[in-house]
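Data block below; observations after.
In the numbering used here, the protein residues as written are 209 to 306.
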């Protein structure tokens, strides 16, 4: 049993290390693409809404891979991006009489 527990602990440790490395890469990407106020805003988004944070990271990674030259993203531009990602579609129900 102790050997199995040690293997399980080793797997958990390796998984945690991979998670930390992935998070470090995300932060590095943000620092390259965002100006300082926008980066701080994204760190707040990360704490309040991890799903939206991941969506923004994926979008920025896609932009970075596309190879289009672009400047650093300002906080105002980040607000626009966040607005688009959090926009909810309104649903309406119509009742039709026969």
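Glycine included, every Cβ here is placed at the ideal spot set by N, Cα and C.
Just to confirm the assignment, what range does the alpha helix (DSSP H) spanning residue i have?
{"i": "residue 295", "result": "Counting along the chain, residue 295 falls outside any alpha helix (DSSP H), and DSSP gives it neither H nor E."}
Any idea what DSSP makes of residue i, helix, strand or coil?
{"i": "residue 265", "result": "helix"}
{"i": "residue 301", "result": "coil"}
Distance, Cα to Cα, residue i vs residue j?
{"i": "residue 256", "j": "residue 250", "result": "10 Å"}
{"i": "residue 233", "j": "residue 298", "result": "36 Å"}
{"i": "residue 296", "j": "residue 244", "result": "28 Å"}
{"i": "residue 230", "j": "residue 273", "result": "17 Å"}
{"i": "residue 228", "j": "residue 220", "result": "12 Å"}
- Taking only runs that begin and end inside the segment 229-274, name each unbroken alpha helix (DSSP H) of 4 or more residues, in chain order. Runs of the alpha helix (DSSP H) inside the segment 229-274: 244-256 and 258-274.
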